[in-house]
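Single-structure report; data block below.
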Amino acid sequence: MTDWQWLLIDVLQALAAGLLVGGTYGLMCVGLGIIFGVMRVVNFAHGDFMMLGMYVAYYLVTGFGVLVFLGPYVGPVVGAVLAGPVVYVIGWLLHKYLISHVTGARVISAEAEGHYAQIILTLGIALVLANGGLILFGSTPLSVQTPLSRESWEIGLIFFNQARAVGFVMAVICAIGLYLFLMRTNLGKALRAAADNPIAAAYVGIDVDRSHRIAFGLGVGITAIAGGLFAMSQSFQPYIGFDFVIVMYAGVVLGGMGSILGAFWGGLTIGLVQQMSTLALPYQLQNTAIFVVFLIIIFFRPQGMFGRVWERT
Amino acid sequence: MGSKQRAFMTQYALIALFAVIYLAIGFVVQNSYYQLMMTLVLIWATMGLGWNVLSGYSGMISFGHAAFFGLGAYTVTIAFVKFGVTPWLGIPLGILVGVIAGVLIGIPTFRLRGHYFALSMLAYPLAMLYVFEWLGYQEVSLPMKRENPVTYMQFSDQRIYMLISMIVMVACMIMSLHVERSRFGRSLLAIKQNQPAAEAAGINAARWKMLAMMLSAGIAAAAGGLYAIILLVVTPQTVFGALVSAQALIVALFGGVGIFWGPVIGSAILIPLAETLHAELGNILPGIQGVVYGLAIIVIILVAPEGIYWKVRDRVMARRATPVRVGAQPRLATIAADSVPRPAFGQPILQLDDVSRSFGGLKAVDGVTLSVPEGVIYGVIGPNGAGKTTLFNVLNGFLAADSGSMRFADAEIGGLKPHEVCARGVGRTFQVVRSFPRMTVLENVVIGAFVGSKTDDEAERLAYEALQRVGLADGQSHALAGGLTTKQLRLMELARALAPRPKLLLLDETLAGLGHDELEDILPIIQQLNREGVTIVIIEHTMHAMVKLADHFSVLDHGRVIASGTPADVVRNPAVIEAYLGKKWMDYRAKDQVA
């Protein structure tokens with residue numbers, strides 16, 4: 001084969017890897033999209049909720065082995081999905097006792113809609129979760145054991161890592177499920193209304209505080225599922241959240257504020273960018289490439305590719 | 314010695330006292346571990362001071378000060394290891410690198426507001442972290458120089474490092490003190506509280522923010538350089554990591570934001586707490602420091618969002634508080650109308666030619682041509698949504714005109730920035746009063762006076778003069794703007810616009826929302842200002858007050874001037890009546906008259 005053909009294969013391989021990773025990123029971004037894009041709450045701890053999801057999946061599947069009876073293939077996937085409800089509860093509690101003090105209708109009239117307090121408070125939560133994670137889980141990098149991560153499907157000359165492919169499919173299913181829930185069910189509509197305009201929602205009889213708690217729990221839960229899926233093919237330690245918080249914000253901003261589907265496409269794009277960057281950049285600079293893309297996005301297109309202009313100047 | 318100098322001297326004395334006591338304790342303590350901790354307290358206080366200069370004063374929260382800290386640390390280290398440069402030169406070099414990085418980061422990032430600014434600041438140090446790892450600087454240690462330790466800033470006595478760190482920190486405290494008490498800090502504070510108002514009052518926001526960034530980055534780099542020398546090992550995680558940025562923010566926020574004592578207090582409490590816990594429990598609870606910092610800011614943001622310093626100060630002030638002086642009504646200028654003959658109107662001072670501005674398909678200002686003679690009170694009226702405020706925003710530089718020319722005092726002002734328009738002599742007020750709520754009335758007006766004065770004392774004099782002109786000089790001048798009534802706010806805003814002695818005032822619905830009596834108070838003030846030679850353009854949508862006040866009317870509807878002339882003519886103009894009351898009403902009246 002000629003050099004050009006090899007290059008083409010490299011590009012296609014990077015595209016395939018980007019697509020598979022991007023699907024999981026997309027689901028992470030959907031979770032943040034609910035909280036940041038729709039509720040306009042700046043959640044710095046979002047990456048750490050993803051980290052929690054990874055550890056929940058790890059302990060269910062490998063650590064305590066509760067799900068061993070499901071076998072090495074189904075177990076990890078079920079573990080990832082179960083991370084959702086667990087982190088949902090954590091998010092729900094944190095929102096009820098801490099975050100609700102700086103969000104919602106009571107701060108909407110405050111300076112910059114209370115973003116200042118949200119940034120600081122969620123930074124504090126992020127520090128406690130990341131370092132608490134260090135205490136509880138230790139600093140050794142872990143991953144969820146599954147034979148899938150060592151096997152690939154081969155289509156043509158392109159390899160599709162099985163763990164990532166399964167993660168991708170599950171991510172798409174979860175994203176579609178969430179989308180249908182938010183768009184079609186009454187609870188979903190109420191959540192969107194309360195998130196979008198708490199005052200108006202309160203006037204039409206929606207329990208805004210409750211809706212915000214549920215929406216926040218849902219947002220971190222979805223991201224935790226993505227984390228659990230990602231953990232099948234990626235090793236992690238308690239500090240992983242800080243890197244991913246940038247990845248997720250990049251995706252949400254790229255996809256456009258307030259757009260759930262946009263957030264998914266945004267995350268997918270970030271995954272593609274990350275993997276494509278390996279063609280030109282050394283492996284260690286993958287994340288630097290994402291940060292640069294993030295900066296470019298918010299400088300030139302803060303309203304995103306799929307979103308509406310929402311920030312009035 | 315003026316009260317200002319005395320205030321400075323008091324602060325100097327307090328800083329000196331603090332430094333002497335701290336060093337005395339440090340020199341008595343024998344344990345080198347405690348000495349190291351006491352040195353680290355000073356370094357993190359310095360870092361917090363750096364963060365405070367940008368984020369505390371201007372309100373732009375930075376999550377990325379690790380970028381400057383890390384660059385400072387690595388500059389010192391690499392200069393030493395690769396080129397044998399002594400840290401005595403390495404630290405100033407690091408500061409220079411930090412300042413340059415501050416400028417390079419500031420230029421693009423200042424375009425962003427609020428959380429977008431915070432997020433992108435987080436990205437810089439993390440990006441650098443990976444770059445330094447990739448470059449192979451995973452762990453660089455400073456070699457020991459046995460033969461000539463002093464030349465290479467290597468001391469066996471830990472206390473000398475403490476002394477050096479103290480000197481650096483005190484220098485930063487004094488710099489911060491002077492920033493706080495000068496127009497630099499005042500301007501940053503005004504930008505924090507209301508940036509558009511600050512710009513309209515003549516504050517060059519971009520310049521002050523950039524200066525703050527440079528100073529802030531330089532201080533952070535100095536802290537980083539000291540850190541490298543004291544710990545002797547530099548890794549990307551320990552100097553560029555997210556925890557470094559967080560620590561800068563946390564010590565400042567915990568101790569008190571926007572005040573130079575804040576980071577010092579925060580550092581003195583949190584660093585020993587976290588370090589001690591780490592030393593005692595670090596092997597069983599490895600992340601305990603981070604947990605302490607995290608809990609510290611969670612608690613502080615819920616209990617005392619501005620930090621300990623302010624909480625304590627508010628407590629003390631509340632105990633000391635004397636009953637608020639009531640009844641100190643503004644001494645209103647009581648001028649009988651027409652007691653002084655008005656000067657004749659002069660040449661046009663403001664000339665608009667075919668000025669347009671649209672938003673998408675909406676022509677908010679559509680080919681407006683008008684000419685305002687010097688000395689006139691010129692009313693711009695029109696129904697809601699006619700484009701009056703947009704016209705003002707175009708005039709004072711908030712919005713760029715799409716086309717047309719605007720000449721003020723024989724010079725083109727189209728394309729100027731708001732603070733430049735203000736500096737030319739155009740003051741403005743806002744439809745919804747834009748005050749700096751956490752400043753006193755006098756401080757609010759001083760912000761406006763900066764543009765017309767060389768020194769800060771002169772600014773204060775101008776501010777007093779302006780307050781006198783609107784009748785707010787006594788009693789209220791030291792009240793917080795946040796607690797004023799609508800009328801007082803309007804007068805304060807008027808004084809702020811007046812302070813640099815403008816030739817032209819743009820008043821945006823100054824009379825809106827006022828009761829009849831209040832109207833009677835304010836109208837004579839405006840008339841008096843006009844008699845003193847200030848040309849006034851005033852927007853209103855209610856006509857009755859304007860008929861008394863204005864010499865000339867231009868009526869705006871859907872962005873176009875539909876009528877212009879003396880008040881008496883304009884109110885009879887059918888086009889104007891139609892714009893206000895609708896075509897139906899006109900038809901109805903026409904029929905009525907026929908019948």
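Note that the protein sequences, when read in sequence, are chains P and H. All the letters of the first sequence, read from the start, carry residue numbers 1 to 313 under this note's numbering. All the letters of the second sequence, read from the start, carry residue numbers 314 to 908 under this note's numbering. The C-beta atom is built at its ideal place from N, Cα and C for all residues, glycine as well. These numbers come from a predicted model, not from an experiment.
Of all C-beta pairs linking the segment 757 to 765 of chain H to the segment 829 to 840 of chain H, fewer than three are shorter than 8 Å, placing the two stretches out of contact. Just so you know, the alpha carbons of LEU157(P) and LEU12(P) end up roughly 9 Å apart.
A straight-line Cα-Cα distance of about 48 Å links ALA518(H) and ASN461(H). Where HIS95(P) is concerned, the enclosing alpha helix (DSSP H) starts and stops at 71 to 97.
Judged by DSSP in its simplified three-state form, LYS767(H) adopts coil rather than helix or strand. Membership of ALA514(H) in any beta strand (DSSP E) is not indicated, and neither H nor E is assigned to it by DSSP. Separation of ALA587(H) and ALA358(H) (C-alpha to C-alpha, rounded to the nearest whole angstrom) is 14 Å. In the DSSP assignment, PRO400(H) falls within the alpha helix (DSSP H) that extends over 400 to 422. When the five nearest sequence neighbours on each side are left out, the beta carbons in the same chain lying within less than 8 Å of the beta carbon of LEU281(P) are those of THR288 and ALA289, in order along the chain. For GLU771(H), no CB of chain P lies under 9 Å from its own CB, so it is not counted at the interface with that chain. Annotation for LYS816(H): no alpha helix (DSSP H) segment contains it, and DSSP assigns it neither H nor E. Here the alpha carbon of LEU665(H) sits roughly 22 Å from the alpha carbon of GLY673(H). Any Cβ of chain P closer than 9 Å to the Cβ of ILE374(H) would place that residue at the interface, and such an atom is present. Along the length of the segment 480 to 555 of chain H, whole beta strand (DSSP E) runs at least 3 residues long do not occur. Sequence-distant partners of VAL492(H) (beyond 5 residues in either direction) whose C-beta falls short of 6 Å from its own C-beta, in its chain, are GLY498.
For GLY26(P), the closest C-alpha among the options SER211(P), GLY241(P), PRO198(P) and ILE176(P) is that of ILE176(P). With a threshold of 16 other beta carbon atoms within 10 Å, ARG319(H) falls short and is exposed.
In this structure THR422(H) is not in contact with GLY403(H), their Cβ atoms being roughly 27 Å apart against a cut-off of 8 Å. When the beta-carbon positions are compared, ALA117(P) and ALA83(P) stay at least 9 Å from each other. Rounded to whole angstroms, the gap between the alpha carbons of ASP723(H) and VAL734(H) is 13 Å. Three or more pairs of CB atoms, one per stretch, sit closer than 8 Å, so the segment 88 to 106 of chain P contacts the segment 119 to 133 of chain P. For ILE611(H), the C-beta contacts it makes with chain P under 8 Å involve LEU98, LEU121, GLY124, ILE125 and VAL128, in order along the chain. Contact between the segment 599 to 610 of chain H and the segment 561 to 574 of chain H is established, with three or more Cβ pairs separated by less than 8 Å. Going by C-alpha positions, GLY738(H) is about 11 Å away from PRO731(H). Counting the other CB atoms within 10 Å of its CB gives ASP870(H) a total of 16 or more, which places it among the buried residues. DSSP places SER867(H) inside the beta strand (DSSP E), whose first and last residues are 865 to 870. The beta carbon of LYS800(H) is closer than 8 Å to those of LEU827, GLU831, ASP834 and ILE835 in its chain, skipping five residues each way along the sequence.
Between the alpha carbons of ALA17(P) and LEU355(H) lies a gap of roughly 48 Å. GLY22(P) places its beta carbon less than 9 Å from that of LEU272(P).
The three-state reading of DSSP puts LYS730(H) in coil, since its state is none of H, G, I, E or B. In this structure, the straight-line span from the alpha carbon of VAL292(P) to that of ALA534(H) is close to 23 Å. Under the 9 Å criterion on CB atoms, THR278(P) is classed as non-interfacial with respect to chain H. THR288(P) belongs to the set of residues whose beta carbon lies under 9 Å from a beta carbon in chain H. If you draw a straight line from the Cα of PRO887(H) to the Cα of GLY727(H), it is about 33 Å long. A straight-line Cα-Cα distance of about 10 Å links PHE160(P) and LEU19(P).
Nearest in C-alpha terms to TYR370(H), of all of LYS505(H), PHE340(H), THR390(H) and PHE382(H), is LYS505(H).
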